[in-house]
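Chains as they are written, first to last, in the numbering used here: chain A, 1340 to 1840; chain B, 156 to 674; chain C, 3 to 172; chain D, 371 to 1085; chain E, 638 to 739.
We put the beta carbon where it would ideally sit given N, CA and C, even for glycine.
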């Protein structure tokens, strides 16, 4: 027995743990445990502390991210399976800040909605933890586990309004589709492992680079992309999104449409740029088709929506198409793919969260998310109407609001490729940015130009937490549009040098 | 150019003072309407004051050079720069913008269109002003693009909130059309960036593409240039608007509140034509030569088509709107000839059309205020009821139909003139045909404008308004209109007011075009 | 070696048959039982692949935990124990089409890539230790430490969340 | 004054603004400003006139040493602000100075604007024709101003009326002394606008505003020709608007014949509209809707001759372009000839006295255009000169009549000679001048045209136009007789008591009548006059220089021809006779039919007269007045006017069609259609999200499989 | 036929996967859909272990273990969902869960 142990000891290589690099995740883990435990001991009337706790935890986790950024060194662990490079830091910061906004959005919604509070924040933090891990994951197993950690709590949160059949439906559909996608993704990953003989992305990249173009590799890549296509709600893997968005608690909808989607993109970027960099023959056309389909179908269906949240879901699908577009020219444009998608993610997070925050604020009065319920908003709540207009037109990409810069960098990356297909995609993007305006402006029209339904003009009372969320998102939406900060974040977000083939 | 502060900060202040005013107004409560009016007034006049100082300090001896240049990095990652400056091409348009918006605010002083809300209305006007001024001073494509787009939102809301019955449809149509154009335009800008040596600065791009060897880039094939030009054509052409992309214009004009129509007609349409001369022609001269015959064809179609459509109108404002299509056709024809005559004519046309059509929309607005309708057959006898207004309308209609001695003529005639002898590389026969068609367009212009004038102003008032008390021109209207009327006359009598400023700059553009084809 | 093959094919045939039964039977409970058969077959194949630890885990978790959960689920949702009239929905043919398409694509790719490859006779990773189990554990606690920790959080979250969702109050 | 002639138009221009701004507050509502301005302009024009004579005389004296002169030309030609002549080649100079002294036009110019290397200039060009026109315009304008103070007294827009008279005078003077084609065009349009405003002076009635619109728009049609012509000449002359330059180059052969031909034809279109030539003449009779002084000033004496003046200004272009000197028919002459006959024919069937005069004006303008077309430049301008006076007199006379009877309808007049002796006499004198009775002014000028037609041109001369001219003279005589007869003879058929007009109307009438008598004397043919008075008009007003065809050998002046003179006079007299006979005869016939018995009794005495009656009634008069004139009138009203009005209606209809069908349906339809397509697309793709999660799953797996399959196959 | 071929296992996995997919799409009862999902995951596990054996690499086994663990978590969550749906609708027919669409 001892001998066996000794022998085993010989084979066991003690892993080198860089605690600084893991600090954000450790802080998160600690906080989520604290939240869970605190929930047990807090009396019912003191539960309001929980969101503050969760929020502070997220901000606390941001501190090590900043110190790591200041430190600047790329940190690699487990033979490259877990990496803290600039890319990881940028997306971690994004997840944490977006998560903080989600907490702000949730505060009143959850407290007033008679939902389980402690568990809600616990699950939310777990999911965000999964995302931060995803930012560093450069290994199939880690990616898979991180994906599940960010997904499983999200399934539950989507169905959090459990007495509402729509809430159940939202959760169930999200869950089932998620598991289906996981199945596809896992099958693809298993083939990748089979081809490369390793789960590390850098090894896979090297293996694929040398291999001939084989059906098995194509199959593996397609399945992996499809699995994350679900996560980023790319057409035709988008079907869950509108139903889930509509039925889920609105803060969670915002969370899914921003953070969860961003996590999907983070994984895709890692897979595609590190793993499939040499297999652009498959990746590019696939991404081209996904991008074009997502933009177009997302947009035209959004035109038909009467519910703002559903409309934002479809708009999110279309926005995902824009974000996928630079991947359709991956490898032809240097760092532009990465820069543009990260920039887009950052800006998209600000404006989309903002839009959802306004929807929540308005729904507090009208109790509805129908487009018509926004009628006359400019009359009785001009600030909200102006803010909503800012977010919507930012989503539509109208300068000087940040959205234009996001779209611009996407265009820039695509056009940099200078191929016929790239230009065709650019034209598709251009046409779609016009279609998108139609439905965004439709809401603006409702707010500014139509009377309030039933003539009800009582002002909307916006709680402090929502105000804070609005302030954060609005400031970012305005500032990113006229400064270079968002693009600088995108530019900074590079993978560690030695991991890129 | 003595004052260093003015040199460094003049343009920036001029552009952003209105926006600063808008920020201040955001903080003032909605109820305090007087404060809003005065703050907006101070903001536009401060901007205009700085602008006038800049224009006074402008060295008219070398209008072909960019002056008051500020060149600072802006969004480094995409190589976008804060690069502003003015030359002979910008000056008249900047001056026009500085003039029109204050007049609009004065005009609105006492009668904001329903649903009033002066705060929002004026804030939007101020933002609009910043966008317009910015477009005319920007020398970096991205900066240009941003300003070009900034004007969309305020105008959308001005039309959509303060407009007439069909305002929502008109507003969104305007918005979608323009955005479609700009989306294609931005593709072209980006393509230019990559083929033109990774810069967005307009003069640099022009230099790089004309002398690829010196810039160390590959020569840009003609086919690529033509495609890139196509994108810009869509962007600018829709804004102009060129037939067949004009359909947003009548709706937008008809539905917009008076001030909105005025700014739309007087300044916003010029963004498109300005873009052609500022961006498209100098950067891609060879492609311009390829495109010119088609632009010319669309321009003359627009001239005739707009005029024919005018003849069918029953609504005064819509008629004026279609007349814009026709008049912008002359401007585009001038541009399409690629000659110094044509370009000068185009810029003159822009200024003249800005003043005249702006004035016509002011008048239409005032008529609407008084009669609560713009249906031509219900009007009549304005000269009886409000003789001064009637005379002003007559004067403006005359100016609009291109009467010599008034500003409109100097936009039209040289444009027709230039088509006789188009620039190098263009088919003379084709353009002479255009010339004759365009000249015929002047007949139509006389037709529809005088017809309009006859039916609205001549004769006796219809029974409906026989006994109504129709007030004549009032003080805010006088203040707003007199400068425009005087300018229409002054430019008409002494067109060199504009030509002297623009000529050097545009001649150099034309030479560049000739050189591109010749070389 | 032939024995292994025979073993494989017998088990595989049983698995496929059971799997088909799972998705075709009209009885929920019977489907669950067929599924257990599949799981058992999978475990057997794992042994054939020299992954004893995984096989054991498979039996423990799938048959011991997951299937029990399933049966609880069946019970709690009061599905009829007997034959149900219609357990297949109207769009089953879509399923057939999709499944066949998938199978075709997969089979083509697999045969194309691994058509002639044989498994190594010695499938032990660490021949010295005589067992893969130790290697697996070494690997988990070094190379795959992070996923391992993450999975623990995941299980906690799933547990907590499932309880909150399934709980009758609130 | 020759160099400072710019002051002349500036005075009335200033007066326009002053009247507009302050007119209503002045005691006489601004008319005093207008009068003063035009009076001042007239005085200055006279001064200019005298100085010009001096200038011509000086030039003749100086021209003795030819070499020196040529040198001087070369040295000053580069100066932009000073007396220069058009650049001439010394060769031509030398050749031509043997016969004539080259008379330098006095020019002065300022930069108007610059395009690239081209400089457009504005300035004055004072030479013979300009000086002549200065006098005509300021004089007639002055008289019309005086006349108007009475005629439109009490009008509600009295002030505006004078303001626009001032503006018109200014524009017309500007046109007359235009330095460049561009300036010419600008003034050309400005007079058009004044015409528009003044025709529509009483715009409360739709007929008036219709007439104003018609005038303006018809003129715009012609202006297309003007624009094209100016542009063609601009480029043909090496990017120059300079009238002297253009003419010089045209004559020296620097400009291709094609360009000149195109330019001429285009400019003829402008002439047709402005000077009321067939087929663009229809606006002119309608323009009589304006106040009568306006008709006199604008639509008889001055504005309508702008076309003739423009041709005379750019005569080098037309000369070369239409090969006037060597052909025997050309477009210009043809247009003029057709108009002579057409206008005269139409004048027969009008009942409105002003419309008779309007068609008469059309016809007389036709003479001038015809004269230019056949190369008789001086004759044309001379006729312009005389016509201005007697036609203005006729119009003002008709105004005086209408003042008395409150109508322009000749059927409501008659016998007015008893009540309105001054009007009657002046009208009669002017009629005689118009018909061309010796020695009234019209005789001399018309005769010169006819002589020119028979003597000038290439092989066969322009004889056909001699015939046209003579027929025209006959018709003129006939319709004017009818007009005079209906107005002043017979019984008064109107209402109320007509009375003679006041002195402010009568005095201008007399002045014009006197001019109608004596104006012809300024160009007495050398055959009939001593050297010191012969051909003074030609001598002082016809330009001599490189910019005028007088330098080319084909350019000639017709000699006085007794034959033509006698024939035309006779023809005129016959016309009068027939006219008188027609009306007295018809009355006689009416009497016969009424008193049948008496008729039979006086058969023998009347039979001669009857046959004579029959002859001219049925054959000649009916032949002209009846079918021909009616036919022409029908053609005029239905076809030409129909075409003009129809063009307007067609434009409106096609506008409506284009708008409703093309714009709203096709162009806008495409836009809305694409929106609808997007919506439909949305509807279709919504089916993807059917709500059933298993279908979502099928889509997910299916799509993954399809993608994989597709890429496996494709890559 | 002497050696065990790689493809034996892989094709078996593919067949199981496809059967699972059919079940997922065609089965009405939500619990049965969950069961079909397990077929899919098991197919993946066979793949992973086959490749692990083929490469004589332990990663496949480790990956499979993680998949099993995650599958357990997912089933727990899934059954919770089934329960709550059943509680609100008195039915576990997935067909009927379509109140939101379009």
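- Among the residues facing chain D, residue 112 of chain C is not included, as its CB has no counterpart in that chain under 9 angstroms away.
- Taking a C-beta distance under 9 angstroms as the contact criterion, residue 1694 of chain A and residue 1583 of chain A do not qualify as a contact pair.
- Taking a Cβ-Cβ threshold of 7 angstroms, none of the residues of chain C is close to residue 733 of chain E; the smallest such distance is about 10 angstroms.
- Annotation: the continuous beta strand (DSSP E) that includes residue 240 of chain B extends over 235 to 241.
- Annotated as distal: residue 1621 of chain A and residue 1707 of chain A, with beta-carbon spacing of 9 angstroms or more.
- Taking 9 angstroms as the CB threshold, residue 728 of chain E stays off the interface with chain D.
- Residues of the region 1479 to 1498 of chain A with a C-beta atom less than 7 angstroms from some C-beta of chain C are 1480, 1481, 1484, 1485, 1487, 1488, 1491, 1492, 1495 and 1498, listed in chain order.
- CA-to-CA, the gap between residue 1495 of chain A and residue 694 of chain E works out to about 35 angstroms.
- Judged by DSSP secondary structure, residue 16 of chain C falls within the alpha helix (DSSP H) whose first and last residues are 4 to 26.
- Not a single C-beta of chain A is nearer than 9 angstroms to the C-beta of residue 685 of chain D.
- Among the bridge pairs identified by DSSP, residue 1421 of chain A is matched with A:1416 and A:1476.
- Closer than 9 angstroms to the CB of residue 738 of chain E there is not a single CB belonging to chain C.
- In the DSSP annotation of this structure, the continuous segment of the beta strand (DSSP E) that includes residue 493 of chain D starts and ends at 488 to 496.
- Residue 654 of chain E reaches chain A at 1526, counting residues in chain order whose Cβ is nearer than 7 angstroms.
- About 7 angstroms separates the CB atoms of residue 1655 of chain A and residue 1600 of chain A; that is less than 8 angstroms, so the two are in contact.
- In this structure, the beta-carbon distance from residue 1475 of chain A to residue 1492 of chain A does not fall below 9 angstroms.
- Following the DSSP letters along the chain, one finds residue 431 of chain B in no alpha helix (DSSP H), marked with neither H nor E.
- The bridge partners DSSP lists for residue 550 of chain D are D:612.
- With the criterion set as a beta carbon lying under 9 angstroms from some beta carbon of chain C, the members of the region 1415 to 1443 of chain A are 1416, 1417, 1418, 1420 and 1421, in sequence order.
- Just so you know, the alpha carbons of residue 641 of chain E and residue 4 of chain C end up roughly 8 angstroms apart.
- In terms of beta-carbon proximity, residue 663 of chain E lines the interface with chain D, with at least one pair separated by less than 9 angstroms.
- If you check the CB distance, residue 1733 of chain A and residue 1699 of chain A do not come in under 9 angstroms.
- Under the three-state reduction of DSSP, residue 467 of chain B is assigned to coil, being neither helix nor strand.
- Cβ neighbours of residue 410 of chain D within its own chain (closer than 8 angstroms, five residues either side excluded): 381.
- Listed by position along chain D, the residues whose Cβ is nearer than 7 angstroms to that of residue 1554 of chain A are 1082.
- The continuous beta strand (DSSP E) containing residue 222 of chain B extends over residues 222 to 230.
- Rounded to whole angstroms, the gap between the alpha carbons of residue 421 of chain D and residue 378 of chain D is 14 angstroms.
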